[in-house]
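First to last, the protein sequences are chains X and R. Going by our numbering, the first residue of the first sequence is number 1, and it counts up by one from there. Going by our numbering, the first residue of the second sequence is number 1001, and it counts up by one from there. Before any comments, here is the structure.
There are 2 protein chains.
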Amino acid sequence: MDDVPWLDRTQLRAWVRLVAVLELLPGVLDAQLRRDAGLTHFEYYVLAILSESDERTLRMSELARLTNATPPRLSHVVRRLEDRGLVERLPCPSDARSTNAHLTEAGWKKVVEAAPGHVRTVREHVIDALSGEQVDQLAAVSEAILGRLDPSGEMAATYRRFDEEPGATSSASG
Amino acid sequence: MDDVPWLDRTQLRAWVRLVAVLELLPGVLDAQLRRDAGLTHFEYYVLAILSESDERTLRMSELARLTNATPPRLSHVVRRLEDRGLVERLPCPSDARSTNAHLTEAGWKKVVEAAPGHVRTVREHVIDALSGEQVDQLAAVSEAILGRLDPSGEMAATYRRFDEEPGATSSASG
DNA sequence: ACAAGACGCTTGTTTCTACAACTATTCCCG
DNA sequence: CGGGAATAGTTGTAGAAACAAGCGTCTTGT
Chain X
1 MDDVPWLDRT
11 QLRAWVRLVA
21 VLELLPGVLD
31 AQLRRDAGLT
41 HFEYYVLAIL
51 SESDERTLRM
61 SELARLTNAT
71 PPRLSHVVRR
81 LEDRGLVERL
91 PCPSDARSTN
101 AHLTEAGWKK
111 VVEAAPGHVR
121 TVREHVIDAL
131 SGEQVDQLAA
141 VSEAILGRLD
151 PSGEMAATYR
161 RFDEEPGATS
171 SASG
Chain R
1001 MDDVPWLDRT
1011 QLRAWVRLVA
1021 VLELLPGVLD
1031 AQLRRDAGLT
1041 HFEYYVLAIL
1051 SESDERTLRM
1061 SELARLTNAT
1071 PPRLSHVVRR
1081 LEDRGLVERL
1091 PCPSDARSTN
1101 AHLTEAGWKK
1111 VVEAAPGHVR
1121 TVREHVIDAL
1131 SGEQVDQLAA
1141 VSEAILGRLD
1151 PSGEMAATYR
1161 RFDEEPGATS
1171 SASG
């Protein structure tokens, strides 16, 4: 640990605030979704990603990459979602090692039903607290940080999915 | 859920990026601290807050407020830290209901030893990815969000602790 | 064609967190 | 004072995550 340059006052101010956001925001998202839809934020995230995917289906490994979950974690989460009928697991036809996770009709309905409350929470606690300029700054700052957190772009398909222009028939996002 | 205004493309861009940061950054912080110091980020956070407190001591309820922990969570965490000799719990002289958490000498050494590696990680993954201007923007954006996440200012003493001017003899922060 | 290794996912174990229930002390108010 | 409510903290239990190990499948090299 040779000689790390300390953080100056300005950097420290930014960092301690970010840490506080990191500590508070996940709890707020979890609480709202858990209360109104019986889902953790991560579960909602999984369902939302599936809902936007081709055929509402993804291979487990791809889903793990996109959600930054380890294979065991995703396996457990998907099993629980399957128990609730929101997702089903099908053997992958092209590779018998692989499993496809598919959003069921009930899962789709669950996402559609949960989305408005979630968006409202996001607005109330984040977006509506910022000016339009600050929203852009937040995007740029996050993008820069993600360049370090995710250098190989594992999750990039997740957080860049709204960058293109016109947008096809999009669905429940967040 | 009456009629929630959806997020426009710009807002969505910012939000999905922030979610990705929320998903990735805690894991990075935990992994480094766990590997190099045998501490979770939350445990480090608790020790760091104590290290900056008067007498390196805080009442459990105050510590819970500052770290945004529920009382049971803090109780368990402090018990584990006490088992490792990093913290000790003393009855509060002025209120027999209350317990004081005090950072031991070993706990102090642990924080001092862990801080440089932690700061390095914070630099590598966040601060050094940003321009000076962006660091200020991050502070302002986070401050605005915290206004919604923490309206009653429970954690404010934590994330505003470096706002004053000259700064007394500060200690291991992060 | 077959063995060695890589890959994809699951299962099991331990650790941590949330929620609820409980004990003990203090405060409030008649 | 004395009794009810509020406060401070702990414990117990169930649910979710991290880590390690395991099993079946594919790929590669010879």
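For every residue, glycine included, the Cβ atom is placed at its ideal position computed from N, Cα and C. It should be emphasised that the depicted structure is a prediction, and the values quoted were computed from it without experimental measurement.
{"query": "Are the beta-carbon atoms belonging to R/T1158 and X/A20 less than 8 angstroms from one another?", "result": "yes"}
{"query": "So within the region 88-113 of chain X, which uninterrupted beta strand (DSSP E) runs reach at least 3 residues, ignoring any that extend past its ends?", "result": "99-103"}
{"query": "Can we count R/C1092 as close to the ligand FMN, meaning its CB is less than 7 angstroms from some heavy atom?", "result": "Looking at this structure, you won't find the ligand FMN or any other ligand, since it has none at all."}
{"query": "How big is the Cα-Cα spacing for X/Q11 and R/R1080?", "result": "32 angstroms"}
{"query": "Shortest alpha-carbon distance to X/S75 belongs to which of X/R84, X/E133 and X/A64?", "result": "X/A64"}
{"query": "Return helix, strand or coil for R/R1013, following the three-state DSSP convention.", "result": "helix"}
{"query": "Could you tell me the distance, in whole angstroms, from the CA atom of R/S1053 to the CA atom of X/K110?", "result": "46 angstroms"}
{"query": "Roughly how many angstroms separate the alpha carbons of X/M60 and X/T99, rounded to a whole number?", "result": "6 angstroms"}
{"query": "Take X/L103 as the anchor and find which of X/G132, X/R84, X/R56 and X/A31 has the nearest alpha-carbon.", "result": "X/R56"}
{"query": "Given a cut-off of 8 angstroms, decide if R/H1041 and R/L1022 are closer than it, judged by their beta-carbon atoms.", "result": "no"}
{"query": "Please check the pair X/V46 and X/T67, which I expect to be a contact at CB under 8 angstroms, by giving their CB distance rounded to whole angstroms.", "result": "6 angstroms"}
{"query": "Could you check whether the Cβ of R/A1096 sits closer than 8 angstroms to any Cβ belonging to chain X?", "result": "no"}
{"query": "If we call anything under 8 angstroms between Cβ atoms a contact, is R/V1180 one with X/F162?", "result": "No information on residue 1180 of chain R is available, as it lies outside the stretch 1001 to 1174 that chain R covers here."}
{"query": "X/E77: buried (16+ other C-beta within 10 angstroms of its C-beta) or exposed?", "result": "Note that residue 77 of chain X is Val in the sequence shown here, rather than Glu. It is buried - the Cβ of X/V77 has at least 16 other Cβ atoms within 10 Å."}
{"query": "Going by C-alpha to C-alpha distance, which of X/V135, X/G85 and X/I49 sits closest to R/I1145?", "result": "X/V135"}
{"query": "If the criterion is Cβ atoms closer than 8 angstroms, does the pair R/P1116 and X/V4 meet it?", "result": "yes"}
{"query": "Rounded C-beta distance between R/A1139 and X/A139? I'm assuming under 8 angstroms.", "result": "Not really, about 16 angstroms apart at Cβ, beyond 8 angstroms."}
{"query": "What does the alpha-carbon distance come out to for the pair R/Y1044 and R/L1033?", "result": "8 angstroms"}
{"query": "Classify R/S1171 as helix, strand or coil using the three-state DSSP reduction.", "result": "The predicted position of R/S1171 is uncertain, since its pLDDT is 48 and thus under 50; a value taken from the coordinates is nonetheless stated next. Three-state DSSP puts R/S1171 in coil, outside helix and strand."}
{"query": "Return yes when the Cβ of R/A1114 is within less than 8 angstroms of the Cβ of R/L1039, no when it is not.", "result": "yes"}
{"query": "Going by DSSP, which residues form a beta bridge with X/T57?", "result": "X/H102"}
{"query": "Measure the C-alpha to C-alpha separation of X/D36 and X/V122 and round it to an integer number of angstroms.", "result": "14 angstroms"}
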